[in-house]
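Have a look at the structure below before the remarks.
Numbering (the UniProt record's numbering), first residue to last: 1 to 222.
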């Protein structure tokens, strides 16, 4: 049996090989990881999308944008309409409550100068310009020196109008009714007027002389 010289064995160990019984050179495995390098095909595949894959991604994104943008606009328009319905219907109910509580008439009217130091009622049918509520001690439909402002609603630009049909102002008397208030408000969405959504997203608030309110989806009559 032939003995391997110690110096020769150390030299092989330094070169990264171990001697076997058949004296073949076997790559040393260090730390449980192979030193085999990935192929060129695998390296190229990991570099990112190719042209075809990029075109497919762009097409999918374009389709989703075409579908999603109108839906988002409708959602935003519908949300704005609902918000103004809640604000206006809540103001009508509050005016009635304040008239009962204060024992004086309370008027709700349109204004075009909600940001003014002394806002007042103004003629017009589009209440998206803003409105105000006040204790109308000398009921004349305008804010006098003896009157008390209760609420001022700022103008809105995210609807296509809050159109009042009926009297210019709504005045509740201490009995909690609003003589002559019979009419409605049509809140219109800010979408294309020729679109069917213009009708379906609209809301109408009906107001009676008793001060009661009722909501209608769409543009149907009260």
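Built from N, CA and C at the ideal position, the CB exists for glycine as well.
Small disclaimer: the values here were computed from a predicted structure and weren't measured.
From which residue to which residue does the alpha helix (DSSP H) around residue 197 run? Against the chain shown, residue 197 aligns to sequence position 197. First-last of the alpha helix (DSSP H) with residue 197: 196 to 200.
Limits of the unbroken beta strand (DSSP E) element including residue 240: The question about residue 240 has no answer here: the residues shown for the chain are numbered 1 through 222.
On a Cα-Cα basis, can you pick out the residue from 174, 158, 116 that is closest to residue 138? On the chain shown, residue 138 is found 138 positions in, with the first residue counted as 1. Looking at the Cα atoms, 174 is the closest of the given residues.
When the Cα atoms are used, what is the spatial distance from residue 85 to residue 187? Translated into positions along the chain shown, residue 85 becomes position 85. Translated into positions along the chain shown, residue 187 becomes position 187. Looking at the two C-alpha atoms, the distance is approximately 7 Å.
Rounded C-alpha distance that separates residue 143 from residue 101: For this step, residue 143 is matched to residue 143 along the chain shown. For this step, residue 101 is matched to residue 101 along the chain shown. Near 19 Å, if we compare the C-alpha coordinates of residue 101 and residue 143.
Give the list of continuous alpha helix (DSSP H) stretches no shorter than 4 residues that lie fully inside the UniProt domain "General secretion pathway GspH" (85 to 211). 196 to 200
Short of 7 Å in beta carbon distance, which residues of its chain neighbour residue 223, apart from the five on each side in sequence? Order them along the chain. Any property of residue 223 remains undetermined from this structure, which presents the chain solely from 1 to 222.
Could you tell me the alpha carbon to alpha carbon distance between residue 212 and residue 73, rounded to whole angstroms? In the chain shown, the residue the question calls residue 212 occupies position 212. In the chain shown, the residue the question calls residue 73 occupies position 73. C-alpha separation (whole angstroms): 32 Å.
Status (buried if at least 16 other CB within 10 Å, exposed otherwise) for residue 53: Walking along the chain shown from the start, residue 53 turns up at place 53. Burial call: exposed.
For residue 192, which residues in the same chain have their Cβ closer than 7 Å to its Cβ, ignoring the five residues on either side in sequence? Residue mapping note: residue 192 aligns to position 192 of the chain shown, counting from 1. Answer for residue 192: 198, listed in chain order.
Give me, in chain order, the residues of the same chain whose beta-carbon lies closer than 6 Å to that of residue 22; leave out the 5 immediate sequence neighbours on both sides. What you label residue 22 is simply residue 22 of the chain shown in a count that begins at 1. With a pLDDT of only 49 at residue 22, under the threshold of 50, the placement of this residue in the model should not be trusted, and no figure is reported.
Among 162, 171, 125, 114, whose alpha-carbon lies nearest the alpha-carbon of residue 83? Counting from 1 along the chain shown, the entry for residue 83 is found at position 83. Considering only alpha carbons, the answer is 162.
Nearest-angstrom Cβ-Cβ length linking residue 151 and residue 114, presumed shorter than 8 Å: Reading the chain shown from its first residue, position 151 is the one you call residue 151. Reading the chain shown from its first residue, position 114 is the one you call residue 114. Going by Cβ atoms, the distance from residue 151 to residue 114 rounds to 10 Å, so no, they are not a contact pair.
If we ignore side chains and look at the alpha-carbon of each, how far apart do residue 202 and residue 128 end up? By one-based count along the chain shown, residue 202 stands at place 202. By one-based count along the chain shown, residue 128 stands at place 128. Roughly 14 Å separates the two Cα atoms.
Count the other CB atoms within 10 Å of the CB of residue 80; is the residue buried (16 or more) or exposed (fewer)? Position 80 of the chain shown holds residue 80. Label assigned to residue 80: buried.
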